[in-house]
Amino acid sequence: MTLADTRTGIAAVYDELSVRLDVPFDSAAIVDRLGPPLETELANWLPSERIEAAADLYREIYPKLGVPAHTAMAGAHAAIDAVRRAGGGVIVVTGKNVRDARGTVTALGLDVDEVVGSVFGADKGSALARFGAAAYVGDHVADIQAARAGGAVSVTVATGPYTVGELREHGADVALDDLTEFAAWFSGWREHDALR
Numbered sequence: 199m200t201l202a203d204t205r206t207g208i209a210a211v212y213d214e215l216s217v218r219l220d221v222p223f224d225s226a227a228i229v230d231r232l233g234p235p236l237e238t239e240l241a242n243w244l245p246s247e248r249i250e251a252a253a254d255l256y257r258e259i260y261p262k263l264g265v266p267a268h269t270a271m272a273g274a275h276a277a278i279d280a281v282r283r284a285g286g287g288v289i290v291v292t293g294k295n296v297r298d299a300r301g302t303v304t305a306l307g308l309d310v311d312e313v314v315g316s317v318f319g320a321d322k323g324s325a326l327a328r329f330g331a332a333a334y335v336g337d338h339v340a341d342i343q344a345a346r347a348g349g350a351v352s353v354t355v356a357t358g359p360y361t362v363g364e365l366r367e368h369g370a371d372v373a374l375d376d377l378t379e380f381a382a383w384f385s386g387w388r389e390h391d392a393l394r
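Numbering of the sequence shown is given in my numbering, commencing with residue 199 and proceeding in unit increments.
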């Protein structure tokens with residue numbers, strides 16, 4: 199929910215999974231709390247011995263049903279363009295598996311340098327540090343932990359499960375309403391850095 203609005207696609211996949219597994223997933227509730235890994239969400243609905251097979255089936259369904267329903271978040275392309283114009287690089291670090299994350303990036307025409315998947319929270323930090331990320335933009339409080347772990351400025355957007363106020367309370371360095379505010383923030387941040 200930072201660069202891509204995946205809610206409709208994820209809900210469709212869970213609805214299909216519900217039919218195939220005969221399990222009453224509440225896809226609306228699930229998309230309201232996106233962020234944690236798939237297996238963590240499935241543990242809310244299934245006994246532990248069924249989670250691995252359900253996750254495999256979910257991932258089998260996702261490219262055909264989920265990815266085509268994704269849309270770019272408002273301001274996503276402009277945010278990437280702002281970083282590119284400043285000579286920066288763009289990395290996507292996500293809890294989503296690499297195949298589906300790349301599929302989404304490609305389908306939406308997002309110009310990124312690298313995609314790292316299947317990591318959540320502070321575990322994202324090593325990818326951010328390896329890339330030399332100066333800032334990490336996310337929509338979850340776990341993304342604040344990721345930025346800290348990677349030595350990056352934590353920039354958050356309130357397009358996920360948290361409000362601007364909640365993101366600030368959890369220690370975000372920057373909290374924006376959405377990505378349409380990113381380019382202006384980034385420009386001011388770059389100018390501030392240049393003056394140091």
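C-beta: ideal position from N, C-alpha, C; glycine also. Here the structure is a predicted model, which is why all the values come from computation and not from measurement.
Three-state class that DSSP yields for residue i in the structure shown
| i | result |
| --- | --- |
| A373 | strand |
| L393 | Because the pLDDT at L393 is just 41, under 50, the model does not fix this residue reliably, and the point stays unresolved. |
| S316 | coil |
| V335 | strand |
| A284 | coil |
| D341 | helix |
| D309 | coil |
| T292 | coil |
| T361 | coil |
| A202 | strand |
Assumed close pair residue i, residue j - CB separation to whole angstroms, cut-off 8 Å
| i | j | result |
| --- | --- | --- |
| A381 | A277 | 6 Å |
| P359 | L232 | 7 Å |
| I208 | V221 | About 16 Å separates the two Cβ atoms, so there is no contact after all. |
| M271 | D375 | Going by Cβ atoms, the distance from M271 to D375 rounds to 12 Å, so no, they are not a contact pair. |
| V288 | D311 | 6 Å |
| H268 | T204 | 5 Å |
| T200 | D309 | That pair is no contact at about 15 Å. |
| A320 | A350 | Contact flag wrong, Cβ pair sits at about 12 Å. |
Own chain, CB closer than 7 Å to residue i, minus 5 neighbours either side, in chain order
| i | result |
| --- | --- |
| A253 | L236, E237 and L240 |
| V388 | Note that residue 388 is Arg in the sequence shown here, rather than Val. The residues are A284. |
| A396 | Beyond the ends of the chain as shown, which are 199 and 394, falls residue 396; an answer cannot be given. |
| F223 | Y212, L215, S216 and W243 |
| A210 | L263, G264 and A267 |
| G273 | D376, L377, T378 and F380 |
Burial state of residue i, where buried means 16 or more other Cβ atoms lie within 10 Å
| i | result |
| --- | --- |
| K262 | exposed |
| G264 | buried |
| G307 | exposed |
| A345 | buried |
| V339 | buried |
| F335 | According to the sequence as given, residue 335 is Val; it is not Phe. With 16 or more other Cβ atoms within 10 Å, it is buried. |
| D279 | exposed |
| N301 | Per the sequence shown, residue 301 should be read as Gly rather than Asn. Burial call: buried. |
| A202 | buried |
Same chain, Cβ closer than 8 Å to residue i, neighbours up to 5 away in sequence not counted
| i | result |
| --- | --- |
| G286 | A332 |
| W383 | V353, V372 and L374 |
6 Å Cβ shell around residue i - same chain, five flanking residues per side excluded
| i | result |
| --- | --- |
| S385 | none |
| F329 | I289 |
| A325 | V291 and V314 |
| L365 | T354 and A373 |
| K294 | G315 |
| K322 | V291 and A344 |
| E258 | none |
Mind listing, in chain order, the continuous alpha helix (DSSP H) runs of no fewer than 4 residues lying wholly within the stretch 215-282? 225-229, 236-240 and 246-263
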